[in-house]
């Protein structure tokens, strides 16, 4: 037999022995089953605690080309374009108004001003259907010139706002499915802002001027901790002139449309936009936003029970090693597997794999059943890309597995269960709770979710934070500072590092 | 009872871990409070944060040390089998538990007082340096004003009640790892549950039920009217939890074989 | 693989005390080797070093010519019983053996075989936490036999056994040696090994004091001594002392005489008309021989390091 296969089979034997050890202690098996059960039950409890009701049927939420829910609400002054062409405009002013918090309840206070992501400019859009593909070049309230397309994509141009004295020229050209945005300060020297490839863009599209303004967002610390976000009405008005169209755009008048405007019960539009044409000057007022939507239930809301399951997992994983120390059984283990590093790794792999499987079952059940409950209660569950839901579920299982390995390693280092359980919980669970549900400021909360093993919870975030959409992007709002896999990598890094340290200690110490 | 107290005091005093745990309680509480206070930044319009909650923030982590101290005081004896020696020497089991509770409470109160006072003083200094005000022209409450005193005194009591809750659970569960898991689960998981449920009635109910949320209401000095429970009623909820745990632990100690 | 244990020049220091101070000996196959010494003499530490649990500061310990951590499926080479209480109390005895078997690539059938062999039978299905000391000892023996190893190390295997169990253990160990295995059995009671061991390694203060066969040791301790039974011990003592012998009283009417041959003793007593009923060559007990050997090696470290480790 060649040496590598015997080595591997030796490791497989250790792994099998550790699995036998685990499954023959009934308390551990029951505790792990309990961890899965509490994870699912708490998830379902939180899902059934959420109800939404609409008068009649809830309005359908538009879905963008990428499959995400979007807000597609703006004022569009447009005409059809067949085939290639371009639009050029000069923006000479951008103003707006926003509602202030009520100082005396019931009385509205409105002030002039534009919100940072108010936007106005030129757009080519597949159709007037909400959620259809588009590309646009725009000036914004506080983020300069941008080129955006398909809701999630955003490229920055030059910074700065517009005024009568320093107008901005914008141009959007179409060549097949490729759109290119340009900007200029004088209409002569043009620089490219960005390009967009809109797959499947039909020959006949809509081209024109638009304006939109997302609500004014304020985030306040919650009364019991955490934070709450409130959005108040805001509108933006842009003045365009020097409008020129190239290509086979249909002649005749511009068609104004208040895309996606909500209607009051009496049928009148709620917060309407508007359009005025005087000579070759066009004034467009828009309310709303062209951006991904984050209002709604996220699938990870059904995974709230993971935290409780995690504590059980930590306790079992710690006991998996500390009971051996307490009884002196560790010596027997090391007699059977004298190469200590391999023995400990086999042990870690065994508890990690058991936890992973338990976690996978629990997360699958919680997400599947929880989503069904949420939908049955009239909630809108934000749709996600095809691989996001499996990522959240599998990632949660990995999170639990890695936490188990970390707990086992801490248990090996301390050899005492209480110290190890506390340390593991303070490392993984406490930072998460302080970051999401305490009065801690958002900045500190974000550092906790970057630096501690709790960063692994980022794998559960199903809706990304978009730089071009203002939101309550704090851990308490469900947004983590690290990307999902990066966050999970931080946790796995901690687990690997601690396991390495534990192997080092186990090798060094007399058993 | 005096002998019981003396015996338990001697036992706890002569275990190496006790001193370190009390030191850890003070150090963790103060360190985390300082970091939290330093993390708060205020706008010119005033601060939305509760100065007492921020400068006593470390209690949320320091309480874990009080929990370990209490859990080890009883399950440490179960893991070594010393509980049989203890019960042979002092057969009145309820008295043994009461003596343990008294000693653990005393130690927690002592360490808690140091931790809370230090956190309050240092936290206040940092907040003031960062320009903390309640609003334009409204200075921060002084430490001697009613709500601040209540927050400080109440936080010390909070730590002691956490220790008693842990002691009761440890007496009922016996295994140290399980006991500490149950305690921390009760504290931390129940504390976050209200934030995970959208329904406001449920939210309020769960908040009132959670020993950590309700108990820490004692630290609130702002927005008191929006709290689901008044500060003292909140601490009462925690006291109720501790009483039930001690009762359960006491019954288990009396009725089950050691 | 050779069925041997070779220990050479082991040294190990715990803080100020030398636990092992040049420990060297060899355990041969086909016999039971007793490993004796007072508490704290370094027996358990030596065994743990042999088994790769503790690291020696100096020296080597080989099993079958190789260091323990280098053995593949070590339980097939060496079986060991160190601490019979080292069990997860909520796991059944059989399952305890099962995970050990799995770690060596052995199956459940082998587990049932060893359970039968040590006479644990149906008790093996119960939680190990409820086992008596004797049952745990049998379970420990079963674990040691699991891999059918040619070398066995047993630390105080008779601890906690009832008299019937002690007899069983004695026969069991002899049987294992008769199969050609090398068996090392530690004990701090010499009497326990008297009928079991063929060979003895006596240790004290971390080094070997004697490495000899049992027969040889007893013979060495017995030489030149005569046991005397008399109704007039004081007369006898005076007469013999006058003749140049060293005499010690060992009982109400028994004396031990050193320094005179048996015939001379009879002659001296007859000459002085001292009555006696028996004169015989003294056969030392193993206990006596051991006491003789370890007299200056005993260290009274209360409860010893053995207990603390």
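Residue numbers (my numbering), protein chains in the order written: chain A, 1 to 511; chain B, 512 to 769; chain C, 770 to 1078.
Just so it is clear, CB atoms sit at the ideal spot from N, CA and C, and this is done for glycine as well.
Asked	Found
Taking Cβ-Cβ distances below 8 Å as the criterion, which residues of the region 849-860 of chain C are in contact with chain A?	849, 851, 852, 854, 855, 856, 857, 858, 859, 860
Note down, in chain order, every chain B residue with its Cβ under 9 Å from the Cβ of residue 304 of chain A.	703, 704, 706, 707, 708
Within the continuous beta strand (DSSP E) that includes residue 202 of chain A, where are the two ends?	Note, residue 202 of chain A: premise wrong, no beta strand (DSSP E); not H, not E.
Does the region 407-425 of chain A come close enough to the region 309-316 of chain A to have 3 or more Cβ pairs within less than 8 Å?	yes
Would you give the residue range spanned by the beta strand (DSSP E) that residue 77 of chain A belongs to?	74-100
What beta strand (DSSP E) runs, 3 residues minimum, are completely inside the region 24-74 of chain A?	70-72
With 16 as the cutoff for other CB atoms within 10 Å, does residue 743 of chain B come out buried or exposed?	exposed
Compute the Euclidean distance between the alpha carbons of residue 317 of chain A and residue 408 of chain A, then round it to the nearest angstrom.	5 Å
In chain B, which residues lie with their C-beta within 8 Å of the C-beta of residue 50 of chain A?	708, 709, 710
What's the C-alpha gap between residue 303 of chain A and residue 863 of chain C?	39 Å
Quickly, what does DSSP pair residue 119 of chain A with across the bridge? List them, please.	A:140, A:212
Using beta carbons (cut-off 8 Å, strictly below), is residue 551 of chain B in contact with chain A?	yes
Do you know how far the Cα of residue 403 of chain A is from the Cα of residue 394 of chain A?	14 Å
Roughly how many angstroms lie between the CA atoms of residue 758 of chain B and residue 608 of chain B, to the nearest whole one?	10 Å
By how many angstroms is the C-alpha of residue 113 of chain A removed from the C-alpha of residue 242 of chain A?	25 Å
Using 8 Å as the limit for Cβ to Cβ distance, is residue 443 of chain A near chain B?	yes
What separation, rounded to the nearest whole angstrom, lies between the Cα atoms of residue 63 of chain A and residue 133 of chain A?	10 Å
Beta-carbon of residue 691 of chain B versus every beta-carbon of chain A: anything under 8 Å?	yes
Which of the three DSSP states is assigned to residue 275 of chain A in this structure?	strand
Between the region 333-348 of chain A and chain E, which residues of the former have CB atoms less than 7 Å from a CB of the latter, in chain order?	Absence of chain E from the displayed structure is noted, the protein chains being A, B and C.
So residue 1049 of chain C is in the beta strand (DSSP E); what residue range does that whole segment cover?	1047-1050
Please return the same chain residues whose Cβ sits closer than 7 Å to the Cβ of residue 622 of chain B, not counting the five positions on each side in sequence.	533, 536, 537
Given residue 565 of chain B, which residues of its chain have a CB within under 6 Å of its CB, disregarding the five upstream and five downstream residues?	547, 548, 551
Does any residue of chain A have a CB that is nearer than 8 Å to the CB of residue 906 of chain C?	no
Strictly by DSSP, which residues pair up with residue 972 of chain C?	C:977
Report the CB separation of residue 792 of chain C from residue 972 of chain C in whole angstroms; it is logged as a contact under 8 Å.	7 Å
According to DSSP, simplified to helix, strand and coil, what is residue 766 of chain B?	helix
Cβ of residue 331 of chain A less than 8 Å from any chain C Cβ?	yes
In terms of DSSP beta bridges, what is residue 752 of chain B paired with?	BP columns for residue 752 of chain B are empty, so no partner.
Excluding the five sequence neighbours on either side, which residues of its own chain have a C-beta within less than 6 Å of the C-beta of residue 462 of chain A, listed in chain order?	298, 299, 300, 384, 388, 392
Check the Cβ of residue 307 of chain A against every Cβ in chain B and list those closer than 7 Å, keeping chain order.	700, 703
Of all the options A:211, A:494, A:218, A:361, which has the alpha carbon lying nearest to the alpha carbon of residue 512 of chain A?	Lying before the first or after the last residue shown, residue 512 of chain A is absent from chain A, which here runs from 1 to 511.
Between the region 20-33 of chain A and chain C, which residues of the former have a C-beta closer than 7 Å to a C-beta of the latter?	20, 21, 24, 25, 26, 27
In whole angstroms, what is the alpha-carbon distance linking residue 1068 of chain C and residue 1006 of chain C?	Note that residue 1068 of chain C scores a pLDDT of 45, beneath 50, so its modelled location is shaky and nothing firm can be said.
Mind listing, in chain order, the continuous beta strand (DSSP E) runs of no fewer than 3 residues lying wholly within the region 263-335 of chain A?	274-278, 281-287, 290-292
Contact between the region 39-52 of chain A and the region 694-709 of chain B is defined here as three or more beta-carbon pairs at a separation below 8 Å; is this criterion met?	yes
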